[in-house]
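Undergrad: Each residue of the sequence shown is one higher than the one before, counting from 1 in UniProt numbering.
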Amino acid sequence: MVVYCFDTLVAHYNGDQPPPPSFEDGHHPLFVTWKKVVNGGEPRLRGCIGSLEARGLINGFRDYALTSALRDRRFPPIEARELPLLECTVSILTDYETANDYLDWEVGKHGIIIEFSDPDYNTRRSATYLPEVAAHEVV
1 MVVYCFDTLV AHYNGDQPPP PSFEDGHHPL FVTWKKVVNG GEPRLRGCIG
51 SLEARGLING FRDYALTSAL RDRRFPPIEA RELPLLECTV SILTDYETAN
101 DYLDWEVGKH GIIIEFSDPD YNTRRSATYL PEVAAHEVV
């Protein structure tokens, strides 16, 4: 699936269609994460976008490979010259369950969706942390 994401991004830069994927389609929530290695250091986030709604895997990975690389508002679009420095991770989300307590999850094993009301702005807020993101962010 990661190879298909890279193939999709390379095809975009070459003006081609990506080759067919080597995996079967299914329907799951999914995310595509791009990281870039800078000066041999720890890879840094370069883009991550996905959907908590189930999507077809083939179309979903094709769409989110490009969206996360080119339209993540937190970063400038990834350029073709960055390809050799990129790492890609895909996440397929399964087995959602409601936590009974804010500590009812295991960092690195479970992702978490946090939803709350922001009283300062009288609005609803949310955040999603994939399992590998939460594990990386824990101090």
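Idealized CB from N, CA, C, for every residue including glycine.
Taking its Cβ as the centre, do 16 or more other Cβ atoms sit within 10 Å of residue 46, making it buried, or is it exposed?
TA: With at least 16 other beta carbons inside 10 angstroms of its own, residue 46 counts as buried.
Undergrad: Just to confirm my understanding: we take residue 99, look at its own chain, exclude 5 residues before and 5 after, and list those with CB closer than 7 Å. What are they?
TA: 105
Undergrad: Under the three-state reduction of DSSP, which class applies to residue 106: helix, strand or coil?
TA: coil
Undergrad: Measure the alpha-carbon distance for residue 38 versus residue 117 and round it to whole angstroms.
TA: 37 Å
Undergrad: Expressed to the nearest angstrom, what Euclidean distance is found between the alpha-carbon atoms of residue 11 and residue 28?
TA: 24 Å
Undergrad: Across which residues does DSSP place residue 27 in a beta bridge pair?
TA: 56
Undergrad: Would residue 102 be called buried (16 or more neighbouring beta carbons within 10 Å of its own) or exposed?
TA: exposed
Undergrad: Please determine, among 4, 54, 2, 49, the residue with the shortest C-alpha to C-alpha distance to residue 69.
TA: The shortest C-alpha separation from residue 69 is found at 49.
Undergrad: Pull up the distance between the alpha-carbon of residue 3 and that of residue 121, whole angstroms please.
TA: 42 Å
Undergrad: Considering only the alpha carbon of each residue, which of 109, 84, 88, 81 lies closest to residue 94?
TA: 109
Undergrad: In this structure, how does DSSP classify residue 118 when only helix, strand and coil are distinguished?
TA: strand
Undergrad: May I ask you to report which of helix, strand or coil DSSP gives residue 87?
TA: strand
Undergrad: Give me whichever residues DSSP pairs with residue 32 in a beta bridge.
TA: 49, 90
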